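Participant: Counting in the working numbering, the sequence shown runs from 45 upward without gaps.
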Amino acid sequence: NKYQLNGEQCPLNTFRDAQCPRICVARLDDCPKDLIPTCPKNQVPCFDGTCAKKCPQQPNPCLCNQKSYPYIGENGERETPIPCLPSPLVDISHYNYRNRSAQFQSACADEIGVDATSISEWGSSLTESPVWLECPVVDDNAEFTFLEPLWLVLWSIIGGESFLIAIWCLYKRWRERNTSGAVRLSNSAHQGWNSIEKKKLVPIQINVEKNPPSPNPEDSSNGLYQLTGYKNCPLGTTILYSLVVVSLGWLALLTTITLDYYGVIDLENAHVIQAEMEEMPTVLLEGQGATLKALK
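1. Would you call the CB atoms of C106 and I126 closer than 8 Å?
2. Have a look at S200 and L214 and give me their C-alpha separation to the nearest angstrom.
3. When DSSP labels each residue in this structure, what does W212 get in the three-state scheme?
4. With DSSP as the reference, label S164 as helix, strand or coil.
5. Identify the continuous beta strand (DSSP E) that holds F59 and give its terminal residues.
6. Might you give, ordered along the chain, the residues of its own chain that have their beta carbon closer than 7 Å to the beta carbon of L177, omitting 5 neighbours on each side?
7. Around the C-beta of Y139, are 16 or more other C-beta atoms found within 10 angstroms, so that it is buried, or is it exposed?
8. Please classify W218 as buried or exposed, where buried requires at least 16 neighbouring CB atoms within 10 angstroms.
9. Mapping the DSSP letters down to three states, classify Y47 as helix, strand or coil.
10. Once the 5 residues before and after S137 are set aside, which same chain residues still bring their CB inside 6 Å of it?
11. Rounding to the nearest angstrom, what Cα-Cα distance links G203 and T124 in this structure?
12. By the DSSP assignment, the alpha helix (DSSP H) with C152 in it spans what residues?
13. Using only CA atoms, which one of P174, S169, L170 lies nearest to D159?
14. Got a sec, what are the start and stop residues for the alpha helix (DSSP H) V289 sits in?
15. Given this structure, state the Cα-to-Cα distance separating D74 from I80, to the nearest angstrom.
16. Where does P346 land, buried or exposed, given buried means 16+ other C-beta within 10 angstroms?
17. Give the straight-line distance between the Cα atoms of Q110 and P180, rounded to the nearest whole angstrom.
18. Considering only DSSP beta bridges, list what C68 is partnered with.
19. Closest to K275 by C-alpha separation, out of K216, L292, L297, would be which residue?
This is the structure:
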């Protein structure tokens, strides 16, 4: 999917209505002009961008779920950042998720009319310039241990279906133990029938074909036919229906992962599965393997 039919590389899509990150400052006067909160008299700005006489208990988004801002100022005390008003929505052309942060900052800075270099990364000094509210990721190179809840559920379903199939095979063999051989007449019974048939023979004219039909390989040497019958079993029917349900579930999961990979479900890729783009092939391959096992 990287190249078009003419051999040219496919252009990157446009990320429309992208939410710009908020800006954190030490003083509200340091916010960009269009993002300075303005509240009526006797009201103060709250962390969510609204105004109230007394703000409700809300976590400070600029702390990124930490107890305090990590930067220590010149006076030896930790700075307490304050968020500006929410930033506007922008359209990012030629969006590349690998360069997401730089593209967002550049487009958002142009939208609010400031220089992108005048706003620092989160964790920088608030006394020098504002900072983008982009919380650091704890682990950029997270890998699957295959012990996460999603994988444990997957292994449980596969193990359960495999166990049911094994039990069904053993149960089927046990139920068919008395039907391995067909009922046959004894030799004395055959001789008795032959003597009776000879007495009833009547001379008739037989037309012999030049090319007689070949004997049926299913016919036994003694002229008996072996007939096989099948009987419905509630246990087998239940296992069959469970396999159908599980197979449909795998197909639905793979469809969700595929649509999420291409950003159809959410504008930001890999949002539903909450995985890095590099990990998505692992999810797809494991899901496809589970689907093939279920279908078999």
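Ideal Cβ placement from N, Cα and C applies to all residues, glycine included.
Quick caveat, the model's predicted, so the values are computed rather than measured.
Facilitator: Straight from the coordinates:
1. yes
2. 21 Å
3. helix
4. strand
5. 59-63
6. P65, R66, I67, C68, P105, C106, P127, W166
7. buried
8. exposed
9. strand
10. T58
11. 52 Å
12. 144-156
13. P174
14. 278-305
15. 8 Å
16. Residue numbering for the chain in the displayed model covers 45 to 340; residue 346 lies beyond these limits and cannot be assessed.
17. 11 Å
18. P127, V175
19. K216
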